[in-house]
Amino acid sequence: MAAPRGTGPGLLLLLLHGCTVTAVELYSSNTNPEVQEFQRVELSCVIKHTNTDNPRIEWKKIRNGETSYVYFDNIIQGDLKNRAEIKGGISLVIHNASRTDNGRYRCEVAAAEDQKRFAEITFNLTVTVKPVIPQCRVPKAVPVGKSAVLHCQENEGYPSSVYRWYRNSDALPDDSKSNPKFLNSSFTLNTSTGTLVFSTVNKGDMGQYHCIASNAAGSARCEAQLLEVYDLNIGGIVGGILVVVLVLVLITVGICCAYRKGYFANSRPNGQSYKNASKTDGVNYLRTSDEGDFRHKSSFVI
Ligand SMILES: *[C@@H]1O[C@H](CO)[C@@H](O)[C@H](O)[C@H]1NC(C)=O
Ligand SMILES: *[C@@H]1O[C@H](CO)[C@@H](O)[C@H](O)[C@H]1NC(C)=O
Ligand SMILES: *[C@@H]1O[C@H](CO)[C@@H](O)[C@H](O)[C@H]1NC(C)=O
Numbered sequence: 551m552a553a554p555r556g557t558g559p560g561l562l563l564l565l566l567h568g569c570t571v572t573a574v575e576l577y578s579s580n581t582n583p584e585v586q587e588f589q590r591v592e593l594s595c596v597i598k599h600t601n602t603d604n605p606r607i608e609w610k611k612i613r614n615g616e617t618s619y620v621y622f623d624n625i626i627q628g629d630l631k632n633r634a635e636i637k638g639g640i641s642l643v644i645h646n647a648s649r650t651d652n653g654r655y656r657c658e659v660a661a662a663e664d665q666k667r668f669a670e671i672t673f674n675l676t677v678t679v680k681p682v683i684p685q686c687r688v689p690k691a692v693p694v695g696k697s698a699v700l701h702c703q704e705n706e707g708y709p710s711s712v713y714r715w716y717r718n719s720d721a722l723p724d725d726s727k728s729n730p731k732f733l734n735s736s737f738t739l740n741t742s743t744g745t746l747v748f749s750t751v752n753k754g755d756m757g758q759y760h761c762i763a764s765n766a767a768g769s770a771r772c773e774a775q776l777l778e779v780y781d782l783n784i785g786g787i788v789g790g791i792l793v794v795v796l797v798l799v800l801i802t803v804g805i806c807c808a809y810r811k812g813y814f815a816n817s818r819p820n821g822q823s824y825k826n827a828s829k830t831d832g833v834n835y836l837r838t839s840d841e842g843d844f845r846h847k848s849s850f851v852i
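Here is the structure:
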């Protein structure tokens, strides 16, 4: 080559590149198509310019580093066989996209008479999948002041679902501190794991909880479940225990006194003195007539 050493290779590349461009030139309206599963998607590949009459067209799929043919020898190959077609002589149309269609695709066009004169466009196809109904777990009843964890998850959605919890149809923020409406609550929500954590549960946290999983393809919610919050009233419990203890003590003392008195009375040799002994404590004794006392005694004797 006569070109100066320093600029030679660059100039050559530029010239070759120019040649390639003039041989086949491709165009696409969208190289990052996104489609919902089971929908139709078009990977638009258009020949903008060519100076060859009979270009060779191929489509390849690149997934996890492996390249496979999608369109070769004028036939749709492999997995897409009955679900795809070539439109306008070159664009790839998938009629019923599957989640397995995710990946990169390459449209390659070469001049039939000179395989070195070719062009290509790489596509990144995203097939989104709607979330399914998430599995939700809500504790049934939690005492005031304790912690509680609510779970929400589903594994079908693509891209991965994000989660939002609702209390009585109010959306809960990621952090209760961020919204004055939830001033009396203390929780944090991890929107990517679906976990709602209450560090301490308050009375106001009682309610119907449900969760919605969503992504670009759609959303799904679980049935609302009731979270009950009950008072674990320490003062009341201690008070209750004290009352019970007091009653037990009183009963014990009462039984002791009665037993002692009874014991003294029974140690006397006859029942009559027992009567008198017991009567000595009675306030009514002084009012009781001798007659009444006598009658009682006589009846006892009889
Ligand atoms: C699309 O494919 C799914 C299975 O992958 C099938 O159940 C469904 O019937 C197909 N839909 C159409 C319109 O062909
Ligand atoms: C393809 O697109 C998706 C979402 O649009 C992106 O997450 C991913 O990184 C892209 N992959 C490549 C290889 O560009
Ligand atoms: C928080 O609790 C206080 C006292 O119980 C109550 O007056 C107030 O209305 C509550 N605030 C909210 C936002 O629920």
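If you want the working numbering, it's the position in the sequence shown, counting the first as 1, plus 550.
Heads up, the beta-carbon is just placed ideally off N, CA and C, and yes, glycines get one too.
*For R717, collect the residues of the same chain with a Cβ closer than 6 Å to its Cβ; drop the 5 residues on either side in sequence, then sort them by chain order.*
Within the sequence shown, residue 717 is the residue found at index 167, counting from 1. G757 and Y759.
*asked:* Quick check: the segment 732-743 against the segment 769-787, are at least 3 beta-carbon pairs closer than 8 Å?
replied: Not touching, per the Cβ criterion.
*Between N646 and ligand 1, is the CB less than 6 Å from at least one heavy atom?*
Here residue 646 refers to the residue found at position 96 when the sequence shown is read from its first residue. For ligand 1, at least one heavy atom lies less than 6 Å from the Cβ of N646.
*Does the beta-carbon distance from I671 to C657 come in below 7 Å?*
Locating residue 671 in the sequence shown gives position 121, counting from the first residue. Locating residue 657 in the sequence shown gives position 107, counting from the first residue. In contact: I671 and C657 (Cβ atoms closer than 7 Å).
*Hey, how far is the Cα of L675 from the Cα of V692?*
Taking the sequence shown and counting its residues from 1, the one referred to as residue 675 is at position 125. Taking the sequence shown and counting its residues from 1, the one referred to as residue 692 is at position 142. Rounded to the nearest angstrom, the two C-alpha atoms are 47 Å apart.
*Pull up the CB-CB distance for I607 and I640, whole angstroms please, since I reckon it's below 8 Å.*
Within the sequence shown, numbered from 1, the residue matching residue 607 stands at position 57. Within the sequence shown, numbered from 1, the residue matching residue 640 stands at position 90. With a Cβ gap of about 5 Å, I607 and I640 count as contacting.
*Examine ligand 1 and report whether any of its heavy atoms sits within less than 6 Å of the Cβ of F548.*
For residue 548 there is no data in the structure shown, the boundaries of the chain being 551 and 852.
*Under 7 Å between the Cβ atoms of C772 and G744?*
Counting from 1 along the sequence shown, the entry for residue 772 is found at position 222. Counting from 1 along the sequence shown, the entry for residue 744 is found at position 194. Going by C-beta atoms, C772 is not nearer than 7 Å to G744.
_CB contact flag (D651, V677, <7 Å)_ = Along the sequence shown, one-based indexing puts residue 651 at 101. Along the sequence shown, one-based indexing puts residue 677 at 127. Yes, they are a contact pair.
*Identify, in the order they occur along the chain, each residue of the same chain with its Cβ nearer than 6 Å to the Cβ of N582, setting aside the five sequence neighbours on each side.*
For the purposes of this step, residue 582 is identified with residue 32 of the sequence shown, where counting begins at 1. Excluding positions up to five away in sequence, the list reads N674.
*Neighbourhood of L565 by C-beta distance below 7 Å, restricted to the same chain and skipping five residues each side*: Your numbering for residue 565 matches position 15 in the sequence shown. For L565, the pLDDT reaches just 45, beneath the cut-off of 50, and the residue's location in the model is therefore unreliable, although a value from the coordinates is still provided. Answer for L565: no residue qualifies.
*asked:* Looking only at its chain, what residues have a beta carbon closer than 8 Å to the beta carbon of V712, apart from the 5 residues adjacent to it on each side?
replied: Start at 1 with the first residue of the sequence shown, and residue 712 comes out as number 162. T741, S742, A763, S764 and N765.
*Where L782 falls, given that 16 or more other Cβ within 10 Å makes a residue buried*: Residue numbering aside, residue 782 sits at position 232 when the sequence shown is read from its first letter. Its Cβ having fewer than 16 others within 10 Å, L782 is exposed.
*Rounded to a whole number of angstroms, what is the C-alpha to C-alpha distance between V797 and L722?*
Within the sequence shown, the letter at position 247 stands for residue 797. Within the sequence shown, the letter at position 172 stands for residue 722. Each residue's Cα considered, the two are about 49 Å apart.
_Looking only at its chain, what residues have a beta carbon closer than 7 Å to the beta carbon of R687, apart from the 5 residues adjacent to it on each side?_
Position 137 of the sequence shown holds residue 687. Taken in chain order, the residues that qualify are L700 and H701.
*Reference S579; option with closest CA among G615, I626 and L642*: Taking the first residue of the sequence shown as position 1, residue 579 is located at position 29. S579 has its Cα closest to that of L642, out of G615, I626 and L642.
*Sorted by chain position, which residues of the same chain lie with C-beta nearer than 8 Å to Q685's C-beta, five sequence neighbours on each side aside?*
Here residue 685 is taken as the residue at index 135 of the sequence shown, counted from 1. Here the set comprises H701, C702, Q703, E704 and C772.
_6 Å Cβ shell around T750 - same chain, five flanking residues per side excluded_ = Here residue 750 corresponds to residue number 200 of the sequence shown, with the count starting at 1. Contacts found: G695 and S736.
*With a threshold of 16 other CB atoms inside 10 Å of the CB of A808, please say whether the residue is buried or exposed.*
As a first step, residue 808 is located in the sequence shown; it is residue number 258 there, counting from the start. Exposed.
*Have a look at W609, K631 and N614 and flag the residue whose alpha-carbon is nearest the alpha-carbon of Y621.*
The count along the sequence shown starts at 1 and reaches residue 621 at position 71. The option with the nearest alpha carbon to Y621 is W609.
_Nearest neighbour of Y708, chosen from G615, A770, I597 and Q627 [CA to CA]_ = The residue labelled residue 708 in the question sits at position 158 within the sequence shown. It is A770 whose Cα lies nearest to the Cα of Y708.
_Give me, in chain order, the residues of the same chain whose beta-carbon lies closer than 6 Å to that of T617; leave out the 5 immediate sequence neighbours on both sides._
Your numbering for residue 617 matches position 67 in the sequence shown. The answer, listed in chain order, is K610.
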